[in-house]
């Protein structure tokens, strides 16, 4: 018997983030598995006792704590409610499965035999919860999405400052594609995270192609003005690029090419962040882009723009000057350098005026 799989499509701050695929263990805890599966599909409709909609769709992950993310409160959405398909609560089946690794799916409760609809996913080993919470599944794809949730800032109670919702959910029919690759339905068939590939090719050339493909999708999104999606694609390209260093066939030519591509991706990423108002993030990207030793006028240009946005006009002028040295005929660089020099002159004139008044 093949274990059933369910999916949770996650949005963060109103933006789709990705899909989590979960394998369930009905041979160990059938009642607990069926509760989760049915709440994913919503096939029961509303509770005959309370009228509550028995479905995870639209329900938040309301708590991000050390070692886990928690959700599934289908009534109150804040951890104080929930309801199982069997009634308000149902008993613990057994504790055979352990919280032995990250990605374990387990029931949240308020004590023994108080399982409802709430669950949590571990982000590390949690042996202290063994024998207290019923484990009934594990994440097989989507740990990258879970990491994104884990890194969202929270208040002192663990409530994320950005809303994390189960945008859609359901069961994956046996033998059908899990929908992780091509999740955004934009023609990009590489999953966002290399760990979610069904197979891990050993050829470096395959991974280089994946990097180039992701970068191209990023460039296309940038041209369309979709800077958030472009940034997502550039981050993805960097994840695939990081794997290239471990693969067969990595020769000197590929090494040089990858180093060059990395600077371009980081430079493009900084351009997205500037468009989105994240000047500090843009500056950090340009610093990484220029560390490689590869001369990149575009990265220096973006660095100058980031400094200008942060009102550090002297540093901006220095970056623009370096960029112009590499591309002496670039009109855009000349224009921005002129703006920076003008701002510097205005700043000095203002300082002279202040000093003059001090000694009057």
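Residue numbers (the UniProt record's numbering): 1 to 360. For each residue, glycine too, the CB sits at the ideal point set by N, CA and C. Just so you know, these numbers come straight off a predicted model, no measurement behind them.
In the structure shown, residue 122 falls within a strand segment according to DSSP collapsed to helix, strand and coil. Taking a cut-off of 8 Å on C-beta distances, the stretch 66-84 touches the stretch 115-132, as three or more cross pairs fall below it.
By the neighbour-count criterion, in which 16 or more other beta carbons inside 10 Å mark a residue as buried, residue 245 falls on the exposed side. Taking a cut-off of 8 Å on C-beta distances, the stretch 206-221 does not touch the stretch 158-174, as fewer than three cross pairs fall below it. Close CB contacts of residue 313 within its chain, under the 6 Å cut and outside five residues either way in sequence, are with 340, 343, 344 (chain order). Per DSSP, the unbroken alpha helix (DSSP H) holding residue 281 starts and ends at 279-291. Residue 154 is bridged by DSSP to 160. Counting along the chain, no beta strand (DSSP E) covers residue 305; the unbroken alpha helix (DSSP H) around it starts and ends at 297-309. By the Cβ-count criterion, residue 151 is exposed, with fewer than 16 other Cβ atoms from all chains shown falling within 10 Å of its own Cβ. Taking the CA atoms as reference points, residue 201 sits about 52 Å from residue 49.
Nearest to residue 182 by C-alpha distance, out of 19, 195, 346, 231, is 19.
If you ignore the 5 residues before and after residue 141, its C-beta comes within less than 6 Å of the C-beta of 21, 180, 196, all in its own chain and listed in chain order. Assignment of residue 217 by DSSP, reduced to helix, strand and coil, places it in the helix class.
Within the same chain, Cβ atoms closer than 6 Å to the Cβ of residue 266 are found at 285, 288, 289, the five residues on either side in sequence being excluded.
Spatial neighbours of residue 8 in its own chain (CB-CB distance under 6 Å, excluding positions within 5 residues in sequence) are listed in chain order as 20, 166, 169.
Relative to residue 300, the option among 263, 278, 273 whose CA is nearest is 263. Scanning its chain for C-beta atoms nearer than 8 Å, with the 5 sequence neighbours on each side dropped, one finds around residue 57 the residues 42, 166, 167, 168, 169, in chain order. Under DSSP, residue 136 shares a beta bridge with no residue. If you compare the alpha carbons of 85, 26, 4 with that of residue 46, the shortest gap goes to 85. In the DSSP assignment, residue 141 is bridged to 21. Closest by C-alpha distance to residue 94, out of 305, 136, 203, 351, is 136. Per DSSP, residue 235 lies in no beta strand (DSSP E) segment; the continuous alpha helix (DSSP H) that holds it begins and ends at 227-244. Of the candidates 282, 325, 294, 282 places its Cα closest to the Cα of residue 306.
If you ignore the 5 residues before and after residue 131, its C-beta comes within less than 6 Å of the C-beta of 95, all in its own chain and listed in chain order.
Its Cα nearest to that of residue 249, the residue 203 stands out among 203, 272, 40. When 173, 110, 69, 153 are compared, the shortest CA-CA separation from residue 37 is found for 173.
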